Amino acid sequence: MRFVFNLAARYTLAMRLLLSLTIITLGITGCKPPNDEAIDRKNAIVVIPPVLTSKSKELVVLTHNGPSTYFVDGTNNYSGLEYDLAKLFAAELGAQYKVKFVVVGNVTEIIPSLLKGKAHFAAASLSVTPIRQQLVKFSTPYKTVQQQVAYNTKEKAPKKLADLFGKRISVPAGTSFAERLDKLAKQEPKLKWHADRRANSDELLEQVADGTLDLTVADDYVISLMQNIEPNLGAGMAIGEPEKIAWAFPKNGEPGLHKKADAFFAKISKNGVLRNLIDRYYGHSERLKTVDARTYIKNIRTLLPQYIPLFQEAEALTDIDWRLLAALSYQESHWDTYSTSPTNVRGLMMLTEATADRMGVTDRLDPKQSIKAGAKYIDLIREEIPKRVPEPDRTWMALAAYNIGGAHVEDARVLAQRMKLNPDAWADVKKTLPLLNNYDYYSTVRYGYASGGAPVIFVESIRSYYQILQQQKARNQTVLPNFELAN
């Protein structure tokens with residue numbers, strides 16, 4: 042099994058083409074209805090059988106491509122928070138249930154398609170708004186978001202409504218962003234904006250970053266993700282009050298399915314599964330500072346290419362994604378093969394003398410030896426993590442152990458269990474690691490004091506670096522994207 046983890050904040054043109062071809066090949070776009078669907082061709086309405094009582098047990102879910110919904114990751118696998126939630130919901134209904142995703146062009150098409158009966162529900166990162174509530178019924182919300190104005194940091198940050206006047210502003214049509222701006226424009230005619238029926242939020246954020254658009258409105262977490270990729274993106278004033286994200290069901294849909302969805306969200310909210318999923322996709326989104334991201338992107342273009350073959354050789358040995366190894370190496374040495382710490386930790390992977398000896402390294406400054414040894418060492422540490430810990434949490438904990446030692450990570454897991462958190466989830470363990478510098482806590486565990494905040498920063502920074510590298514079209518690609526740098 043390859044250890045590849047998700048989180049893409051934007052897609053290259055090649056990725057979009059690949060996604061389109063893959064969708065067509067697998068037949069998941071909903072263009073051809075299943076045999077047991079009844080079609081009203083006059084009104085283009087698809088009447089899908091109730092999933093709970095039909096023989097097919099096929100759960101049809103509406104979504105669209107996006108970093109928070111449904112996308113193809115760096116290894117051509119389907120991913121996304123809504124994708125994972127829908128798959129988990131189907132499993133909760135029973136092993137015989139399967140999910141069919143109907144992927145529409147953009148969020149504008151979601152509710153109209155749902156009202157035409159093309160799916161049992163929509164999992165599309167939809168905000169609960171008064172207008173939408175008139176058309177559909179929502180499940181229990183699973184996430185809270187805040188709309189913000191995104192701007193280019195070369196310009197002045199918008200702090201009040203008047204700062205939006207005279208600006209080129211665009212948002213995706215049919216979104217809650219459009220609803221908010223429409224309401225504001227009725228109050229203040231000087232506010233002009235455009236509803237784009239083709240672009241999604243990440244595309245418009247890219248336009249703001251490259252200066253072809255002045256402003257857009259997006260959810261706070263999406264802006265945070267994009268800031269790791271577009272360092273000159275800024276988050277300005279908030280637009281309105283925070284909103285809730287939920288699944289949308291047709292009002293004349295299957296009542297039992299809506300109830301089961303509410304019960305599902307109640308369950309995963311209580312047992313920590315929802316928290317862990319959200320952390321998996323967004324937990325690292327605010328870790329990198331702008332200057333860090335800018336320097337990193339520059340180094341991707343100038344330093345990394347010479348080491349890619351070595352990282353790929355290490356992947357062949359350990360089955361750890363070379364991009365994750367490269368992200369770890371950057372966190373350790375910024376890809377400086379001569380890097381040396383005051384404590385004589387050296388090389389691209391910053392190996393101690395003891396670790397180098399254990400891994401058979403004769404020259405820590407030799408990139409090939411350093412990368413190979415660092416990868417093998419991480420693999421060994423990961424094997425020491427209890428088998429019940431799932432991926433990617435298992436690898437995040439291994440990285441924490443790489444930084445602070447496995448004993449202290451185990452102490453943090455003990456504290457998590459005592460505090461009725463999940464010791465097998467990184468989202469919970471990263472809460473208890475910092476407690477190891479507090480006497481009230483470290484005095485009660487086996488290995489005592491540790492600077493527990495350091496490994497949390499270490500791991501979350503690596504996750505951010507890794508996410509940026511995952512923008513590549515494929516895992517085995519050796520030519521990196523032409524990242525745009527801010528001047």
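If you're matching positions, the sequence shown starts at 42 in my numbering and goes up one per residue. Note that the Cβ used here is the ideal one computed from N, Cα and C, for glycine as well. Being a predicted model, the structure only gives us computed values, none of them experimental.
Would you please state the rounded distance, in angstroms, between the beta carbons of residue i and residue j? I believe it to be under 8 angstroms.
i      : j      : result
Ser411 : Leu392 : 6 angstroms
Val102 : Ala160 : 6 angstroms
Met278 : Gln187 : Not quite, the Cβ-Cβ distance comes to about 11 angstroms (not below 8 angstroms), so this is no contact.
Arg423 : Arg435 : 6 angstroms
Pro408 : Leu358 : The Cβ separation is near 15 angstroms, so there is no contact.
Tyr192 : Gly275 : 5 angstroms
Ile286 : Lys184 : 4 angstroms
Ile566 : Asp420 : Because residue 566 is not part of the residues shown, which for the chain are 42 to 528, the question remains open.
Taking Cβ to Cβ, would you say residue i is nearer than 8 angstroms to residue j?
i      : j      : result
Ala307 : Trp288 : no
Ala131 : Leu100 : yes
Val263 : Val212 : no
Asn273 : Thr343 : no
Ala368 : Leu474 : no
Leu462 : Leu476 : no
Gln496 : Ile426 : According to the sequence as given, residue 496 is Pro; it is not Gln. No, these two residues do not count as a Cβ contact at 8 angstroms.
Ser529 : Glu284 : The chain is shown from 42 up to 528; residue 529 falls before or after that span and cannot be answered.
Ala416 : Ala355 : yes
Arg221 : Ile172 : no
Trp376 : Asn340 : yes
Measuring only the C-alpha atoms, how far is residue i from residue j?
i      : j      : result
Lys157 : Pro291 : 9 angstroms
Thr403 : Ala397 : 7 angstroms
Lys98  : Lys141 : 10 angstroms
Ile65  : Ser154 : In this predicted model, Ile65 has a pLDDT of only 28, less than 50, meaning its place in the structure is not dependable; the value taken from the coordinates is given anyway. Distance between the alpha carbons of Ile65 and Ser154 is about 19 angstroms.
His466 : Phe206 : Correcting the residue type first, residue 466 is Ala in the shown sequence and not His. The alpha-carbon atoms of Ala466 and Phe206 are separated by roughly 46 angstroms.
Ser484 : Val500 : 25 angstroms
Ile319 : Lys208 : 34 angstroms
Glu295 : Val314 : 26 angstroms
Tyr119 : Gly107 : 11 angstroms
Ala226 : Arg454 : 51 angstroms
Thr149 : Thr170 : 14 angstroms
Ala127 : Glu432 : 19 angstroms
Ala448 : Tyr480 : 17 angstroms
Phe162 : Val92  : 11 angstroms
Pro90  : Ile152 : 19 angstroms
Gln353 : Trp363 : 5 angstroms
Arg239 : Leu129 : 30 angstroms
Ser541 : Glu271 : There is simply no residue 541 to check, as the chain begins at 42 and stops at 528 in what is shown.
Phe218 : Gln268 : 19 angstroms
Leu365 : Ala334 : 16 angstroms
Asp204 : Leu254 : 15 angstroms
Lys472 : Arg459 : 13 angstroms
Glu394 : Ala414 : 12 angstroms
Ser505 : Thr336 : 13 angstroms
Asn385 : Asp261 : 41 angstroms
Ile498 : Val145 : 38 angstroms
Gln175 : Leu345 : 52 angstroms
Leu202 : Gly252 : 21 angstroms
Tyr545 : Tyr322 : The question about residue 545 has no answer here: the residues shown for the chain are numbered 42 through 528.
His299 : Ser242 : 28 angstroms
Output needed for residue i: all residues of its chain with C-beta closer than 8 angstroms, excluding positions within five of it in sequence on either side, in chain order.
i      : result
Ser110 : The amino acid occupying residue 110 in the given sequence is Thr; Ser does not appear at that position. Within the same chain, Thr110 has close Cβ partners Thr104, Gly121, Leu122, Glu123, Tyr124, Ala164, Ala165 and Ser166.
Ser23  : This structure cannot settle anything about residue 23, because the visible part of the chain is limited to 42 through 528.
Asp237 : Ser211, Val212, Pro213, Ala214 and Leu245
Tyr348 : Ala367, Ser370, Trp376, Leu389, Pro408 and Ile412
Ser492 : Ile445, Leu477 and Asn478
Tell me which residues share the same chain as residue i and place their Cβ nearer than 7 angstroms to its Cβ, disregarding the 5 neighbours each side in the sequence.
i      : result
Val20  : Lying before the first or after the last residue shown, residue 20 is absent from the chain, which here runs from 42 to 528.
Glu133 : Phe305
Tyr490 : Leu477, Asn478 and Tyr483
Thr378 : Gly388, Leu389, Leu406 and Pro408
Ala468 : Arg316, Asn317, Asp320 and Gly324
Thr216 : Val148
Tyr529 : The requested residue 529 does not occur in the structure, where the chain is confined to residues 42 to 528.
Output needed for residue i: all residues of its chain with C-beta closer than 6 angstroms, excluding positions within five of it in sequence on either side, in chain order.
i      : result
Ala85  : Residue placement at Ala85 cannot be trusted, given a pLDDT of 44 that sits under 50; the coordinates are not used to answer.
Gly494 : Pro475
Lys139 : Glu99
Gly401 : none
Trp234 : Ile210 and Leu222
Val486 : Asp452 and Val455
Thr519 : Reliability fails at Thr519, whose pLDDT of 44 lies under 50, so the model's placement of it is uncertain and the value that follows must be treated cautiously. Closer than 6 angstroms at Cβ, skipping near neighbours: Ile349.
**OP:** Examine the Cβ distances between the segment 226-233 and the segment 191-199 and report whether three or more of them are shorter than 8 angstroms.
**Re:** no
**OP:** Say whether the segment 171-183 touches the segment 238-254, bearing in mind that this needs 3 or more beta-carbon pairs closer than 8 angstroms, one atom from each stretch.
**Re:** no
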